[in-house]
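Shown next, in C-alpha cells, is the structure this report addresses.
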DNA sequence: AACCTGGATGTTAGCGGTAACGTTAGCGCT
DNA sequence: AGCGCTAACGTTACCGCTAACATCCAGGTT
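As C-alpha cells, then:
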C-alpha cells in the first residue's frame with residue numbers, strides 16, 4: 081500500500097490514509113463518514129480531525145459502486161429557460177436537499193429522441209430515481225425504464241398511461257374552469273391561443289377542457305390559433321411574441337371579445353399587442369392566461385389566470401420518489417396538487 | 081463468477097455478461113463501448129448486438145472510479161428561477177453536450193455557506209471541473225478548490241481576484257454606457273434602482289459605473305434606492321414587484337425624470353408602476369434596464385437596456401473548462417463576451 | 001467460574017469498470 | 001527461414017469504498 085498520498089493517482093487523500101493517520105481501520109472511517117452510529121465519540125472526533133487535516137473528501141463514486149446506491153436522481157425537463165418549470169425544479173431541489181439527495185438535470189427540448197438519449201445518459205450513472213416531464217415518451221425510453229426498474233415520477237400531467245408515479249393536476253378541468261369564468265362574466269366570442277408545440281398532452285387537455293366548456297354554453301369553439309412561426313424554434317413561439325402573433329391571427333379570423341391563452345407568456349404578449357393596437361383590456365378585450373407567473377400580478381390591470389402549484393408539484397414528485405427509493409409505503413402513486421383560479425382585472 | 085445476470089446484486093447486465101455472451105474478453109467489450117479503435121468491425125458488431133440483447137448500459141460509476149475521470153462538471157448558480165442565468169446554463173449545456181460531458185447543477189441562493197456546501201457535495205462526486213457564479217466566495221470554498229486542483233470557471237463577473245478562469249463582461253463599463261446613453265438624451269435627474277442583494281460584485285460594479293458617469297456629467301448621483309423588503313426573500317425583491325417599490329421610493333426621494341435599473345425585471349416593474357400612476361414612458365419618465373430579457377423587446381414602448389450575452393458566456397465557460405480538462409492550451413484565462421446597448425422606446 | 005450480552009472495531013470479498021502491459025497471429029522484408 | 005512489426009485481443013492489478021460477517025472486550029447473569 082502506498083503510504084504517500086501525493087503518490088496516489090488521483091491526488092486525493094483516501095479513507096485508507098485517514099484510517100492510518102487516525103490509527104483505526106478503514107471500516108471505522110467509513111462508518112464515521114456515513115454517520116453510522118456504531119462508533120465511539122472519541123474515535124469519531126479523532127477520525128474527523130485527521131480527515132480535516134488531510135483534506136479528505138469521501139469519493140462517492142467508489143461508495144456508490146460498492147453500495148449500489150447513488151443518492152442522486154435525474155431530472156428531464158423540456159427547457160431550462162422556462163420559468164414555469166423552474167418553480168417545480170426548485171421544489172424538487174429543496175425537497176431533495178432535505179433528504180441529502182443530489183440531482184442532475186438535462187433539458188431535451190420537445191424531442192422524444194433527445195429524451196431517450198438523456199434517460200440513457202442518466203442511467204449510465206445509476207441514479208436512484210428519475211423525474212420526467214409529461215407522459216408521452218418514446219418506445220426506447222419505455223424500454224430503458226422497464227429494464228432499469230428505477231422509480232420514476234412524471235410531472236405536469238396526470239393524463240395518459242403512467243410509467244410509475246405522477247404529480248400534477250387536471251389540466252382538462254383547469255381549462256374548463258377558466259373558460260367558464262369568462263363565460264360567467266358574459267363574454268361570448270372567446271378565442272383560444274394554444275401552445276405552439278403539438279402533441280403535448282397537458283396543452284391538449286387544457287384546450288379541450290376550455291373548448292368543451294364553450295360548446296356546453298352554446299358558444300363558438302372554433303376560434304383557435306397556434307402562433308407557430310417557421311423562423312422560430314417551437315419554444316420561442318411559446319412566449320410574449322407568440323401571444324402577440326396569436327392575437328393578430330385571431331383578429332383576422334373574426335370578431336373576438338375575449339382570449340384564453342395556454343400560458344401566461346402568451347397572455348402577456350396579447351396584452352402588449354392590444355396596447356399597441358389601442359385596444360383596452362378588459363374593456364375592448366378580455367384576456368386570461370395560465371400559470372400565474374410573477375408578471376401576471378404586476379402587469380396592469382392584472383392578469384386573470386390559473387395558478388399552478390409548480391413548487392408543491394416538484395416537492396411532491398421528489399417526495400414520492402424518495403419514499404419509493406427508501407422503501408417507504410406510498411399512499412397513492414398519483415399526487416394531484418391542484419390549481420386555483422386567480423381573478424384579476426384582465427377578465 | 082456468477083453466470084446468472086439475474087443473481088447480480090445490481091440487477092444489471094455487466095461487461096462480463098456481455099463479454100461472455102459475445103465470446104470475447106472483458107477488455108474487448110470495454111474497448112467497444114469506449115469507441116477505442118483497436119477492435120475489429122466484426123467483433124464490435126457482435127459485442128454491440130449482445131449488449132443490446134442483454135440490455136447492457138455501461139456503469140459510469142465504475143468506469144469513472146477506474147479511470148479517474150467522470151465526464152461530469154458541476155455548476156453552482158444562485159437561483160434556477162432567474163431566467164437571466166437560464167440562458168447561460170443553456171449555453172453551457174449545449175457546449176457540454178457536444179463534448180459528451182454531463183453536468184450537475186445546484187442553486188445556493190446568495191449564501192456563501194450554501195455555496196461551500198454545494199462545492200463540497202460536488203467534489204464528492206469527483207467532477208472534472210466546476211462553474212461558479214460570481215467571484216466572491218467563502219474561505220472554505222477557496223480551500224476546497226485549492227485542495228482539489230480542479231479547473232474552475234467563474235461567470236458573470238470578471239472583477240475581483242479569480243480562482244482560475246472566468247467568462248463575463250465589464251459590468252462597470254456597461255453601467256457607464258447605459259448612464260451615458262440617458263445623459264446624451266438630455267435627461268438630468270437620473271435615479272438608480274439597485275439589485276436588492278448586497279455584496280455582489282457585478283451589481284456593485286454596474287452601479288458604480290453608472291454613478292461615475294453621472295458625476296462626470298455633473299449630475300446628482302445620490303438618487304439610489306435598493307427595493308429590499310423585509311417580508312420577501314432577497315431574491316423576490318429582484319423582480320417586477322421590487323421595481324415597482326423602487327420607483328415609489330425614488331419618487332419619495334425627490335423629482336426624477338429617468339430611472340436606471342440593475343435588471344430588466346426591475347425596469348419592467350417600474351414601467352408597470354408608472355402606468356398605474358398615470359406616468360407616460362418615456363414622456364414623463366424614461367426607463368432603462370439591464371439584461372435584455374425577452375420581455376424588453378415586447379413591452380410597449382420597448383425597453384432600452386444592456387444586452388448581456390448569457391448564452392455565449394455559458395458556452396465560453398464550458399469551452400474553457402473542457403479545454404483545461406482535456407489539457408488543450410488556453411489562449412486566455414478570462415473571456416470577455418461583451419455586451420451591447422439596445423436602444424428602444426423607453427429611454 | 002462459566003456464560004451471555006451487545007457495542008465498538010477489524011477482516012474479507014467484492015462492486016464494475018479501466019490502465020498498462022502481455023500475448024498472439026499474420027504479414028512483409030532481407 | 002528468421003526477424004521485426006503491428007493490429008487485435010487477453011491478463012492482471014488495481015480504483016476507493018461498503019456489506020457482511022468475524023472478533024474483541026467490558027460488564028452483568030446465573
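Protein chains in written order, with the working numbering: chain A, 81 to 427; chain B, 81 to 427.
Where is the CB? At the ideal position from N, CA and C, for every residue including glycine.
Checklist entry - So, do the region 193 to 205 of chain B and the region 142 to 161 of chain B have three or more beta carbon pairs nearer to each other than 8 Å? => result yes
Checklist entry - According to the Cβ coordinates, are residue 245 (chain A) and residue 400 (chain A) closer than 7 Å? => result In the first chain, residue 245 (chain A) corresponds to position 165, counting from 1. In the first chain, residue 400 (chain A) corresponds to position 320, counting from 1. Cβ distance < 7 Å, so residue 245 (chain A) and residue 400 (chain A) count as in contact.
Checklist entry - Nearest CA to the CA of residue 150 (chain A): which residue from A:249, A:410 and A:182? => result Position 70 of the first chain, counted from the start, is the residue given in the question as residue 150 (chain A). Checking every option, the nearest Cα to that of residue 150 (chain A) belongs to A:182.
Checklist entry - Is there a Cβ from chain A that is less than 7 Å from the Cβ of residue 138 (chain B)? => result Indexing the second chain from 1 puts residue 138 (chain B) at position 58. Yes, residue 138 (chain B) lies at the interface with chain A (some Cβ there is under 7 Å from its Cβ).
Next on the checklist: Extract the residue ranges of the beta strand (DSSP E) inside the region 158 to 240 of chain B, only unbroken runs of 3 or more that lie entirely within it.
Outcome noted: 182 to 187, 209 to 213 and 232 to 235
Checklist entry - Skipping 5 residues on each side, what residues in its chain have a beta carbon closer than 7 Å to that of residue 325 (chain B)? => result Indexing the second chain from 1 puts residue 325 (chain B) at position 245. Only 307 and 309 meet the Cβ criterion.
Checklist entry - Would a check of beta-carbon distances place residue 189 (chain A) closer than 7 Å to chain B? => result Against the first chain, residue 189 (chain A) aligns to sequence position 109. Answer no: the Cβ-Cβ gap between residue 189 (chain A) and chain B never drops below 7 Å.
Item to check | Enclosing beta strand (DSSP E) for residue 439 (chain A) [first to last residue] | outcome: With chain A covering only 81 through 427, there is no way to say anything about residue 439 (chain A).
Checklist entry - Any idea if residue 105 (chain A) is buried or exposed, counting beta-carbon neighbours within 10 angstroms, 16 or more meaning buried? => result Here the question's residue 105 (chain A) lines up with position 25 in the first chain. That one is exposed.
Checklist entry - What do you get for residue 335 (chain B), buried or exposed, if any count of 16 or more other CB atoms within 10 angstroms of its CB means buried? => result For the purposes of this step, residue 335 (chain B) is taken as the residue at position 255 of the second chain. Burial call: exposed.
Next on the checklist: For residue 305 (chain B), list the residues DSSP reports as bridge partners.
Outcome noted: Stepping through the second chain from its first residue, residue 305 (chain B) is reached at position 225. Partner(s): B:273.
Checklist entry - Of all Cβ atoms in chain A, is any one closer than 7 Å to the Cβ of residue 231 (chain B)? => result The count along the second chain starts at 1 and reaches residue 231 (chain B) at position 151. Chain A, which has no Cβ nearer than 7 Å to the Cβ of residue 231 (chain B), makes this no.
Next on the checklist: To the nearest angstrom, how far is the alpha carbon of residue 259 (chain B) from that of residue 256 (chain A)?
Outcome noted: As a position in the second chain, residue 259 (chain B) is number 179, starting the count at 1. As a position in the first chain, residue 256 (chain A) is number 176, starting the count at 1. Each residue's Cα considered, the two are about 49 Å apart.
Checklist entry - Can you tell which of A:214, A:251 and A:297 has its C-alpha closest to the C-alpha of residue 420 (chain A)? => result By one-based count along the first chain, residue 420 (chain A) stands at place 340. With distances taken between Cα atoms, residue 420 (chain A) lies closest to A:251.
Checklist entry - Is the shortest distance between the beta-carbon of residue 84 (chain A) and the beta-carbons of chain B less than 7 Å? => result By 1-based counting over the first chain, the position of residue 84 (chain A) is 4. Residue placement at residue 84 (chain A) cannot be trusted, given a pLDDT of 44 that sits under 50; what the coordinates show is reported in the next sentence. No - not a single Cβ of chain B is within 7 Å of the one on residue 84 (chain A).
Next on the checklist: As a quick exercise: from A:297, A:164 and A:160, pick the residue whose alpha carbon is nearest that of residue 187 (chain A).
Outcome noted: Sequence index remark: in the first chain, residue 187 (chain A) carries index 107 (1-based). Ranking A:297, A:164 and A:160 by Cα distance to residue 187 (chain A) puts A:160 first.
Next on the checklist: Can you list, in chain order, the residues of its chain with a C-beta nearer than 6 Å to that of residue 83 (chain A)? Leave out the 5 residues immediately preceding and following it.
Outcome noted: Taking the first residue of the first chain as 1, we reach residue 83 (chain A) at position 3. Note that residue 83 (chain A) scores 38 on pLDDT, short of 50, meaning its location in the model is unreliable and no value can be drawn from it.
Item to check | residue 264 (chain A) versus residue 280 (chain A) - alpha carbon distance | outcome: The sequence position of residue 264 (chain A) within the first chain is 184, counting from 1. The sequence position of residue 280 (chain A) within the first chain is 200, counting from 1. Computed Cα separation, rounded: 28 Å.
Checklist entry - Got a sec: which bits of the region 114 to 126 of chain A sit with their beta carbon under 7 Å from any beta carbon on chain B, in order along the chain? => result none
Checklist entry - Any idea what DSSP makes of residue 328 (chain B), helix, strand or coil? => result On the second chain, position 248 is the one that residue 328 (chain B) refers to. In the structure shown, residue 328 (chain B) sits in a helix (DSSP, three-state: H, G or I).
Next on the checklist: So, does the region 391 to 408 of chain B touch the region 162 to 182 of chain B, judging by three or more C-beta pairs under 8 Å?
Outcome noted: yes
Checklist entry - Would you say residue 184 (chain A) faces chain B, with C-beta separation under 7 Å as the test? => result Your numbering for residue 184 (chain A) matches position 104 in the first chain. Judged by the 7 Å Cβ criterion, residue 184 (chain A) is in contact with chain B.
Checklist entry - Apart from the five residues on each side of it in sequence, which residues of its chain come closer than 7 Å, Cβ to Cβ, to residue 193 (chain B)? => result Against the second chain, residue 193 (chain B) aligns to sequence position 113. Excluding sequence neighbours, residue 193 (chain B) sits near 218.
Checklist entry - What residue range is occupied by the uninterrupted beta strand (DSSP E) comprising residue 420 (chain A)? => result On the first chain, position 340 is the one that residue 420 (chain A) refers to. Residues 419 to 422.
Item to check | Where residue 368 (chain B) sits in the DSSP three-state scheme | outcome: In the second chain, counting from the first residue as 1, residue 368 (chain B) sits at position 288. Strand.
Checklist entry - Shortest alpha-carbon distance to residue 318 (chain B) belongs to which of B:175, B:102 and B:347? => result For the purposes of this step, residue 318 (chain B) is identified with residue 238 of the second chain, where counting begins at 1. Minimum Cα distance to residue 318 (chain B) is reached at B:347.
Checklist entry - Which whole-angstrom value describes the C-beta separation of residue 285 (chain A) and residue 234 (chain A), a residue pair presumed to lie in contact below a C-beta threshold of 8 Å? => result Taking the first residue of the first chain as 1, we reach residue 285 (chain A) at position 205. Taking the first residue of the first chain as 1, we reach residue 234 (chain A) at position 154. 14 Å between Cβ atoms; not a contact.
Item to check | Residues within the region 200 to 212 of chain A neighbouring chain B, beta-carbon criterion of under 7 Å | outcome: 200, 201, 203, 204, 205 and 206
Next on the checklist: Counting beta carbon pairs with one atom in the region 204 to 213 of chain B and one in the region 208 to 224 of chain A, are three or more of them shorter than 8 Å?
Outcome noted: no
Item to check | Straight-line Cα distance separating residue 338 (chain B) from residue 268 (chain B) | outcome: Counting from 1 along the second chain, the entry for residue 268 (chain B) is found at position 188. Counting from 1 along the second chain, the entry for residue 338 (chain B) is found at position 258. The straight-line gap from Cα to Cα measures roughly 8 Å.
Checklist entry - Are the beta-carbon atoms belonging to residue 237 (chain A) and residue 282 (chain A) less than 7 Å from one another? => result As a working mapping, residue 237 (chain A) is identified with position 157 in the first chain. As a working mapping, residue 282 (chain A) is identified with position 202 in the first chain. Contact flag set, yes.
Checklist entry - Pick from B:118, B:166 and B:230: whose alpha carbon is nearest that of residue 404 (chain B)? => result Against the second chain, residue 404 (chain B) aligns to sequence position 324. It is B:230.
Next on the checklist: Assuming the contact rule is C-beta atoms closer than 8 Å, residue 320 (chain B) and residue 349 (chain B) should be a hit. Round their C-beta distance to whole Å, please.
Outcome noted: Taking the second chain and counting its residues from 1, the one referred to as residue 320 (chain B) is at position 240. Taking the second chain and counting its residues from 1, the one referred to as residue 349 (chain B) is at position 269. Rounded, the Cβ-Cβ distance is 4 Å, consistent with contact.
Checklist entry - Can you tell which of A:358, A:100 and A:139 has the C-alpha that lies nearest to the C-alpha of residue 91 (chain A)? => result One-based indexing of the first chain puts residue 91 (chain A) at position 11. Nearest C-alpha to residue 91 (chain A): A:139.
Item to check | Neighbourhood of residue 379 (chain A) by C-beta distance below 7 Å, restricted to the same chain and skipping five residues each side | outcome: Looking up residue 379 (chain A) in the first chain gives position 299. The answer, listed in chain order, is 348 and 351.
Checklist entry - When DSSP labels each residue in this structure, what does residue 411 (chain B) get in the three-state scheme? => result Start at 1 with the first residue of the second chain, and residue 411 (chain B) comes out as number 331. Residue state, collapsed to three classes: coil.
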